[in-house]
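Let me begin by presenting the structure, written as structure tokens, before commenting on it.
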Amino acid sequence: MSTIIREIAPGLVTFSRPFRRFGAPIGGRSTAIRLSSGDVFLIASTQLDQATKETIESLGKVKYIIAIDAEHTIFVESYQNAYPEAKLIGVETLDKRKPHLRWDHLYTSNNPPPFSQLPPDISTQFFPSFINKDLAILHKPSRTLLVADLLWNLPAGEQNGLPTDYENWFHSLMSPGTRFQRAFLWLASIKDGKAMSRDAKVVDGWDFNRIIPCHGDVIETGGKEAWRSTYTGFLKGT
Numbered sequence: 002m003s004t005i006i007r008e009i010a011p012g013l014v015t016f017s018r019p020f021r022r023f024g025a026p027i028g029g030r031s032t033a034i035r036l037s038s039g040d041v042f043l044i045a046s047t048q049l050d051q052a053t054k055e056t057i058e059s060l061g062k063v064k065y066i067i068a069i070d071a072e073h074t075i076f077v078e079s080y081q082n083a084y085p086e087a088k089l090i091g092v093e094t095l096d097k098r099k100p101h102l103r104w105d106h107l108y109t110s111n112n113p114p115p116f117s118q119l120p121p122d123i124s125t126q127f128f129p130s131f132i133n134k135d136l137a138i139l140h141k142p143s144r145t146l147l148v149a150d151l152l153w154n155l156p157a158g159e160q161n162g163l164p165t166d167y168e169n170w171f172h173s174l175m176s177p178g179t180r181f182q183r184a185f186l187w188l189a190s191i192k193d194g195k196a197m198s199r200d201a202k203v204v205d206g207w208d209f210n211r212i213i214p215c216h217g218d219v220i221e222t223g224g225k226e227a228w229r230s231t232y233t234g235f236l237k238g239t
């Protein structure tokens, strides 16, 4: 299956590919955003094939490459090699996991504020208490929330094609608001639930309707409701 390239909104393009983790078809997705400045903000999570590269470059000059959490880093090096002038932004531990890359900024537990050079179109919230050290990213003009492992929306039909019966069962566990996904988030942040609650509330205060996850189908509308149903315990401060 080749990369599925789709313009979700003007200047907002996704690159969806098959991906399995522990045998489960969870899918993978990169996203490129043409900023109001004309530059490109790129969440790099899937391979940089020729079609992906040509589409990204048709949007403008890549100025930011984002490793959105500590796990979605398989292909980051290829993006930095292709766009060496772009600023590479990631999260704590990546300077140790990927020391050969030229990191311009790493969000850390001791330095969680947004990167000072981010464009005005973008807001970020770092979740240091989450096991994968995820960033939530808001593209303000399109009211779109972009996440990696903070919210899944399986099945990953666009990314993996038609699922088997077993895969359908697994997918039913990891759609927004399910008990399984809420339990997964709780276990993934058990060391500091208060910090997770704090950060979830920041995102809940953002103005978004769409969610583009790395794993699963795009939530075209009703994204705020999907976030609240998934993070209900954290938003209540429990």
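Count along the sequence shown from 1, add 1, and you get the number used in our numbering. Every residue gets a Cβ at the ideal spot worked out from N, C-alpha and C, and that includes glycine. The structure displayed is predicted, hence computed values, not measured ones.
Contact between PRO177 and THR231 holds: CB atoms are separated by about 5 Å, below the 8 Å threshold. In the displayed model, GLY91 falls within a strand according to three-state DSSP. Inclusion of SER46 and ILE69 in the CB contact set at 8 Å is warranted, their separation being smaller than that value. ASP218 counts as buried, since no fewer than 16 other beta carbons sit within 10 angstroms of its beta carbon. Three or more beta-carbon pairs drawn from the segment 76-95 and the segment 49-64 are found closer than 8 Å, and the two stretches are therefore classed as touching. VAL14 is positioned such that its CB atom lies no closer than 8 Å to that of ILE5.
Going by C-alpha positions, TRP104 is about 34 Å away from GLY238. Approximately 12 Å separates the beta-carbon atoms of PHE42 and THR145; this is outside 8 Å, ruling out the contact. Relative to the Cα of SER124, the nearest Cα in the group TRP207, THR32, ARG35, SER31 belongs to TRP207. DSSP, reduced to helix, strand and coil, places LYS202 within a helical segment of the structure shown. Within the segment 49-132, the runs of beta strand (DSSP E) at least 3 residues long that lie entirely inside it are, in chain order, 63-67, 88-92, 106-108, 123-128. DSSP places GLY234 within a helical segment (H, G or I) once states are collapsed to three. In this structure, ASP135 sits away from LEU119, with a CB-CB distance that is not shorter than 8 Å.
Membership of ALA184 in the alpha helix (DSSP H) is indicated by the continuous run 180-189. Within its own chain, no residue has a Cβ closer than 8 Å to the Cβ of SER117 once the five positions on either side in sequence are excluded. ARG30 sits buried, since 16 or more C-beta atoms from the chains shown fall within 10 Å of its C-beta.
Leaving aside the five residues that flank VAL148 on each side, the residues in its chain whose CB is nearer than 6 Å to its CB run, in chain order, ALA137, PRO214. If you check the CB distance, LEU236 and ALA201 come in under 8 Å.
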